[in-house]
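> Protein chains in written order, with the numbering used here: chain A, 261 to 844; chain B, 261 to 844. Just so it is clear, CB atoms sit at the ideal spot from N, CA and C, and this is done for glycine as well. Pasting a structure below so you can have a look.
There are 2 protein chains.
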Amino acid sequence: MYRSHSCGELRESHIGTTVTLSGWVSKTRDKGFVVWVDIRDRYGITQLVLDEDRTNATLLEQARNLGREFVIQIKGEVIERASKNANIPTGNIEVLVSELTILNESKTPPFTIENETDGGEDLRMKYRYLDIRRKPVQNNLIFRSKVTMEVRKFLSGEGFIEVETPYLIKSTPEGARDFVVPSRMNEGQFYALPQSPQTFKQLLMVGGMDKYFQIVKCFRDEDLRADRQPEFTQIDCEMAFVEQEDILYVFENLTKYLLKEVNGFEIESFPRMTYDEAMSKYGNDKPDIRFGMEFGELNAVAQHKEFGVFNSSELVVGIAVPGAASYTRKELDALVNWVKRPQVGAKGMVYVKCNEDGSYKSTVDKFYDQDDLAKWAEVTGAKPGDLICVLSGDANKTRTQLSALRMEMATRLGLRKPNEFAPLWVVDFPLLELDEETGHYHAMHHPFTSPKPGQLELLDTDPGAVRANAYDLVLNGNEIGGGSIRIHDKETQATMFKHLGFTPEEAKAQFGFLMDAFQYGAPPHGGLAFGLDRLVAILGGQETIRDFIAFPKNNSGRDVMIDAPAAIDNEQLKELNLKLDIQE
Amino acid sequence: MYRSHSCGELRESHIGTTVTLSGWVSKTRDKGFVVWVDIRDRYGITQLVLDEDRTNATLLEQARNLGREFVIQIKGEVIERASKNANIPTGNIEVLVSELTILNESKTPPFTIENETDGGEDLRMKYRYLDIRRKPVQNNLIFRSKVTMEVRKFLSGEGFIEVETPYLIKSTPEGARDFVVPSRMNEGQFYALPQSPQTFKQLLMVGGMDKYFQIVKCFRDEDLRADRQPEFTQIDCEMAFVEQEDILYVFENLTKYLLKEVNGFEIESFPRMTYDEAMSKYGNDKPDIRFGMEFGELNAVAQHKEFGVFNSSELVVGIAVPGAASYTRKELDALVNWVKRPQVGAKGMVYVKCNEDGSYKSTVDKFYDQDDLAKWAEVTGAKPGDLICVLSGDANKTRTQLSALRMEMATRLGLRKPNEFAPLWVVDFPLLELDEETGHYHAMHHPFTSPKPGQLELLDTDPGAVRANAYDLVLNGNEIGGGSIRIHDKETQATMFKHLGFTPEEAKAQFGFLMDAFQYGAPPHGGLAFGLDRLVAILGGQETIRDFIAFPKNNSGRDVMIDAPAAIDNEQLKELNLKLDIQE
């Protein structure tokens with residue numbers, strides 16, 4: 261038996277008992293007469309003590325020579341600690357060591373295994389197994405495990421069946437790039453790794469499984485932006501015989517359940533907002549509603565004056581930033597420069613200081629008098645002490661820019677609290693999205709997404725205006741889930757394919773087996789998928805998904821710890837009937 | 261709202277209420293005056309009724325024209341059924357239909373959607389989404405979901421953390437073939453799909469995760485034997501600071517828990533048997549111990565007589581088949597032929613009928629008298645009425661042959677009851693296995709498996725005799741799990757590599773990052789992995805894993821439903837820097 265207790269378990273009630281502990285040497289302090297050793301495992305840290313009075317000389321010498329991260333087993337008596345440490349649960353006791361075994365030695369680790377480490381990102385990734393020994397990383401992984409367990413408990417309780425869908429499937433030409441897997445047994449042919457189990461979950465609905473879920477890895481061979489991973493995990497769900505409302509109900513409850521079980525956080529309201537409303541109020545289809553600063557559209561009160569910039573703009577829109585009227589000229593100039601950065605892209609910014617005395621001071625005082633500015637304050641909801649920031653131009657672009665500013669100001673003001681949660685549904689997404697390059701419309705979600713009842717006719721006259729039975733679950737400014745009610749009848753499906761520019765032959769080539777399946781009694785169905793990595797990070801009060809993945813890849817898709825991908829043998833290539841074809 | 265109740269929910273207590281049901285038309289019976297329609301969903305079947313007295317003519321006509329597998333929604337009143345059907349839970353009621361909506365039509369399905377279908381394996385696989393609509397398949401998938409949920413509950417309760425390990429890893433040259441995945445972003449390089457998360461779970465132990473599990477897909481590009489899948493699911497577990505006994509204890513309890521929760525079956529004893537004992541008593545390292553027929557070694561009582569075949573054999577060994585003394589000459593000849601089939605490979609078989617009067621009649625009466633045969637009966641435990649079957653020859657081969665006969669006879673006698681469970685541990689597996697072709701030893705489990713204490717020296721003198729801290733969990737004649745205590749100190753590891761014929765450089769090339777990790781304080785650790793597909797099939801009282809996989813592949817590794825694998829675009833190949841290289 262390697263241990264009688266964990267390193268996080270001993271308390272004053274254990275004083276006087278003899279215990280066996282195993283773990284890593286976290287720290288040794290050698291005061292000559294006495295040596296203290298901190299021993300660590302997943303459960304905590306316990307202080308060991310050896311001294312010249314009570315410990316034999318050999319043992320004391322052995323303890324002195326323990327290196328950081330040595331794996332040791334000790335036997336000893338739990339005693340009261342002279343100088344107690346209230347910061348750790350075992351801080352009232354220490355263990356007087358009577359036996360010490362070195363289970364394994366350790367080279368000096370390349371960075372310190374502490375909550376705050378001196379190791380940079382690259383080093384921590386290369387030695388991820390040591391990084392995982394650090395409490396914050398370990399806690400993140402434990403947290404992730406807890407979240408998935410709670411998801412499974414909730415969905416099982418609701419009658420969902422977890423079904424494993426295959427990983428070796430078929431490449432489809434549309435959307436993001438597939439990772440492919442050459443087949444040795446089927447010469448010249450390839451499997452593809454799933455970008456999502458979308459078609460399989462729809463087939464399960466055709467198969468009558470009624471309520472399906474799966475926590476499953478998905479794969480996308482995209483050029484990686486920061487905080488994207490080529491493999492990621494999805495909570496994938498689908499239900500049959502449901503309308504949108506049935507789905508929102510279930511997953512609203514799942515979200516509330518998770519926040520309660522995992523974060524101890526009770527959700528009071530779970531608003532729903534149309535896509536159009538989200539765009540006009542927040543300039544964003546995934547608004548963070550934990551704070552105000554809603555958009556005020558100023559066209560009516562700011563146009564038709566002498567200010568040409570606003571007069572020629574499609575949209576003039578502002579937000580009231582709480583308390584920012586006190587910004588200095590230098591801070592304000594910096595803010596104007598911030599919105600003019602290429603990442604934001606505004607041409608300039610007009611601002612109005614709402615003074616505590618009720619007066620206004622703006623950068624456009626030449627064109628607007630105090631009454632005009634009072635109207636701006638009314639529209640944006642600005643109070644004395646606030647700063648009204650106004651952008652103008654093309655409606656869509658301006659909204660996006662103001663949204664960026666809104667989020668930036670909220671961050672600066674500390675309004676994006678990691679332990680406060682405000683979920684909402686954004687519904688009625690556009691069915692189609694215009695590809696500006698080709699001038700063609702394509703499905704915003706996927707070609708099986710159902711248009712809202714009665715809107716099918718609009719496809720001919722105003723395709724961009726058609727709204728879908730599609731919804732996103734948004735939490736703290738992040739899309740954590742999205743889905744739709746699917747088309748299940750073939751007439752609607754044929755109309756959709758026509759408008760997406762597919763010939764019947766093309767549709768068959770790409771979606772053949774799903775369309776075949778739909779001829780044999782497909783029930784009405786719909787579902788959604790959560791991005792687990794993102795969900796866990798946000799519930800964990802953080803924004804970087806990489807910190808919640810045990811062995812993440814870097815931005816080039818490499819695992820620097822195992823040094824993958826790597827070259828393979830020519831023999832192996834030959835068996836797969838492949839040759840490298842590298843352009844010099 | 262598509263339904264107020266499921267199709268399996270209505271009982272006599274609902275009589276008089278108006279309900280809405282949705283589901284598939286399972287069957288219509290048109291008796292002219294009255295039409296019955298069976299509507300089906302995942303939860304059951306409800307009988308609908310329409311008749312000329314109570315239903316309007318249009319509706320009745322509509323019901324008459326419903327095809328099999330049409331998806332319908334009905335509204336109606338629950339009424340008492342005239343001729344009750346005690347076979348189904350809804351058999352006391354029927355629903356008098358007042359409204360009927362066809363949600364979707366269906367072509368005539370290619371086979372009947374009944375418990376017993378007229379569809380062959382190929383057709384059912386091609387239309388797997390229809391096959392899944394069949395109750396037995398649906399039940400298997402639901403059963404699988406329940407098993408995995410119970411596994412997670414148990415392990416979470418024991419403090420195990422589920423950690424997701426990566427799917428895009430690195431190809432290693434040893435063992436079975438990897439599936440590889442070309443990397444677009446890393447020219448000419450490949451990921452590999454994991455054959456198991458073995459190294460990652462060991463790294464998690466180095467990382468201090470202490471107790472890890474994962475239910476995870478694994479991949480092996482092997483030529484497929486019957487009932488093997490290129491992708492399969494594993495319950496993967498690892499623990500730190502444990503000895504073999506700690507691991508056996510946890511997973512013995514998991515097995516008991518599953519049998520109780522899933523099958524309602526209480527396990528009384530959970531025997532342990534060494535590999536050597538299993539081989540000598542059952543000729544098999546995964547014995548089915550639900551019935552006796554243990555091997556009796558007859559060398560001492562059958563050799564040194566006049567019978568040359570036995571005298572020249574390394575091993576003479578028999579089993580007593582209960583009640584088989586009554587076999588006719590014809591049946592006995594057939595049995596002798598059975599053991600001589602190439603799949604079994606015996607040269608012949610000696611048998612002894614143990615007559616009810618206490619006398620014996622054997623095929624070797626010329627060489628053995630009644631006293632001799634009485635000794636055989638004693639050694640094999642044969643009783644009057646039994647048939648003693650004796651094989652002889654090379655010890656290993658003969659044991660394998662007699663094991664095949666034992667299993668065959670048990671099957672014929674109905675002793676392998678699907679709803680009776682007898683788990684056991686087989687322990688002390690050989691550390692090394694002789695490759696008869698090359699004359700080299702290789703690791704039976706994997707090169708990190710720890711030898712039993714004190715046996716390391718034997719590696720020099722008698723490598724085949726070294727036993728490992730390796731164990732298999734056996735259930736009803738199937739290996740459902742296996743694992744080992746790992747080597748965690750570098751001296752033992754170096755010795756192992758030397759004996760496996762690796763130079764230090766080769767060892768580094770193949771296991772480099774794990775060996776690196778082991779230099780930074782690897783704790784003593786060990787674990788095991790269950791084959792989930794097999795486990796679920798056996799708990800489900802069946803032996804074919806394919807019936808418990810939603811979308812299985814055939815023996816050529818093809819998914820015939822989606823027709824994968826398939827050719828991919830030249831464009832796609834080019835992006836991956838690959839060319840096909842197919843030999844004409």
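B:Phe773 CB to nearest chain A CB: under 8 Å?
Yes, because at least one Cβ of chain A sits closer than 8 Å to the Cβ of B:Phe773.
> Check each candidate in A:Ala560, A:Gly556, A:Met533 and name the one with the smallest Cα separation from A:Pro547.
Among A:Ala560, A:Gly556, A:Met533, the Cα nearest to that of A:Pro547 is on A:Met533.
> So with CB distances below 8 Å, who are the chain B contacts of A:Met469?
Per Cβ cutoff of 8 Å: Arg302, Ile392, Gln398, Leu401.
> Threshold first: 3 residues or longer. Then list the beta strand (DSSP E) segments lying entirely within the region 602 to 690 of chain B, N to C.
The qualifying runs are 610 to 614, 620 to 622, 647 to 653, 683 to 687.
> Kindly list, in the order they appear in chain B, the residues whose Cβ is closer than 9 Å to that of A:Met669.
Chain B residues near A:Met669: none, gap ~36 Å exceeds 9 Å.
> Is A:Val881 helix, strand or coil by DSSP?
No answer is possible for residue 881 of chain A: it lies beyond the span of chain A, which begins at 261 and ends at 844.
> Please classify B:Arg672 as buried or exposed, where buried requires at least 16 neighbouring CB atoms within 10 angstroms.
Exposed: under 16 other Cβ atoms inside 10 Å.
> Given B:Ser540, which residues of its chain have a CB within under 8 Å of its CB, disregarding the five upstream and five downstream residues?
Result list for B:Ser540: Phe555, Glu557, Arg659, in chain order.
> Do A:Val440 and B:Ile809 have their C-beta atoms within less than 8 Å of each other?
No. Outside cutoff.
> What residue range does the alpha helix (DSSP H) around A:Tyr517 cover?
Residues 504 to 523.
> Kindly list the residues whose CB is nearer than 6 Å to the CB of B:Thr277, restricted to its own chain and excluding five residues on each side of it in sequence; keep chain order.
Correct list, in chain order: Val338.
> Using a Cβ-Cβ cut-off of 6 Å (strictly less than) and excluding sequence neighbours within five positions of B:Phe473, which residues of its own chain qualify?
Contacts found: Leu415, Phe420, Glu422, Cys497.
> On the DSSP letters alone, give me the boundaries of the alpha helix (DSSP H) that A:Phe570 sits inside.
Segment 568 to 571, the alpha helix (DSSP H) holding A:Phe570.
> Go through its chain and collect everything with a Cβ distance to A:Ala777's Cβ below 7 Å, but skip five positions before and after it.
Cβ neighbours of A:Ala777 beyond the five flanking positions: Leu463, Val466.
> Classify B:Ser586: buried if its beta carbon has 16 or more other beta carbons within 10 angstroms, exposed otherwise.
B:Ser586 is exposed by the Cβ-count criterion.
> In the structure shown, what three-state DSSP assignment does B:Val820 receive?
DSSP places B:Val820 in coil when its eight states are reduced to three.
> Residue ranges of each alpha helix (DSSP H) run of no fewer than 4 residues wholly in the region 316 to 399 of chain A, ordered along the chain?
You should have 317 to 324, 381 to 386, 388 to 391.
> Is there contact here, the region 704 to 721 of chain B with the region 514 to 528 of chain B, by at least three beta-carbon pairs under 8 Å?
Taking 8 Å as the limit for Cβ pairs, the verdict is that the region 514 to 528 of chain B does not touch the region 704 to 721 of chain B.
> Buried or exposed: B:His564, going by 16 or more other Cβ atoms within 10 Å of its Cβ?
Counting Cβ neighbours within 10 Å, B:His564 comes out exposed, since fewer than 16 surround it.
> Report yes or no: do three or more beta-carbon pairs, one from the region 711 to 731 of chain A and one from the region 763 to 770 of chain A, lie closer than 8 Å?
Too few Cβ pairs lie closer than 8 Å, so no.
> Report the option in B:Ser443, B:Leu401, B:Glu376 whose CA atom is closest to the CA atom of A:Glu424.
If we check each option's Cα against that of A:Glu424, B:Leu401 comes out closest.
> Compare the C-beta of A:Asp382 with all C-beta atoms of chain B and state if any pair is closer than 8 Å.
Cβ-Cβ to chain B under 8 Å: no for A:Asp382.
> Excluding the five sequence neighbours on either side, which residues of its own chain have a C-beta within less than 6 Å of the C-beta of B:Asn656, listed in chain order?
Around B:Asn656: no qualifying Cβ.
> Let me confirm a value: A:Gln455 is counted as buried when at least 16 other C-beta atoms fall within 10 Å, else exposed. Which label applies?
Buried, by the Cβ-count rule.
> Below 9 Å on C-beta distance, what does B:Trp284 contact in chain A?
Correct list: Gly468, Gly781, Pro783.
> List, in order along the chain, the chain A residues whose C-beta lies closer than 9 Å to that of B:Asn325?
Per Cβ cutoff of 9 Å: no residues; B:Asn325 is ~15 Å from chain A at best.
> According to DSSP, what are the bridge partners of A:Ile579?
A:Cys649.
> Determine the direct distance from the alpha carbon of B:Leu792 to that of B:Val734, and round the result to whole angstroms.
Cα-Cα distance, rounded: 13 Å.
> Look at the Cβ atom of B:Arg393, then the Cβ atom of B:Trp296, and state whether they are nearer than 8 Å.
Not in contact: B:Arg393 and B:Trp296 (Cβ atoms no closer than 8 Å).
> Just checking: is the beta-carbon of A:Phe330 within a distance shorter than 8 Å of some beta-carbon in chain B?
Chain B, which has a Cβ nearer than 8 Å to the Cβ of A:Phe330, makes this yes.
> Can you give me the C-alpha to C-alpha distance between A:Ile842 and A:Gln489, rounded to a whole angstrom?
Rounded to whole angstroms, A:Ile842 to A:Gln489 spans 25 Å at the Cα level.
> Is B:Ile745 close to chain A, meaning its C-beta is less than 8 Å from at least one C-beta of that chain?
Chain A contact via Cβ: absent.
> Please confirm if A:Lys590 has its CB atom under 8 Å from at least one CB of chain B.
For A:Lys590, the answer is no, since every Cβ of chain B falls outside 8 Å of its Cβ.
> Using 8 Å as the threshold, is the C-beta distance between A:Tyr620 and A:Leu647 below it?
No. Outside cutoff.
> Could you please give me the residues that DSSP links to B:Ala703 through a beta bridge?
B:Ala703 pairs with B:Leu692.
> When the Cα of B:Lys304 is compared with those of B:Glu574, B:Glu312, B:Cys649, B:Glu354, which residue comes out closest?
With the sequence shown as reference, residue 304 of chain B is identified as Gly, and Lys is not the correct amino acid for it. Nearest option by C-alpha distance: B:Glu354.
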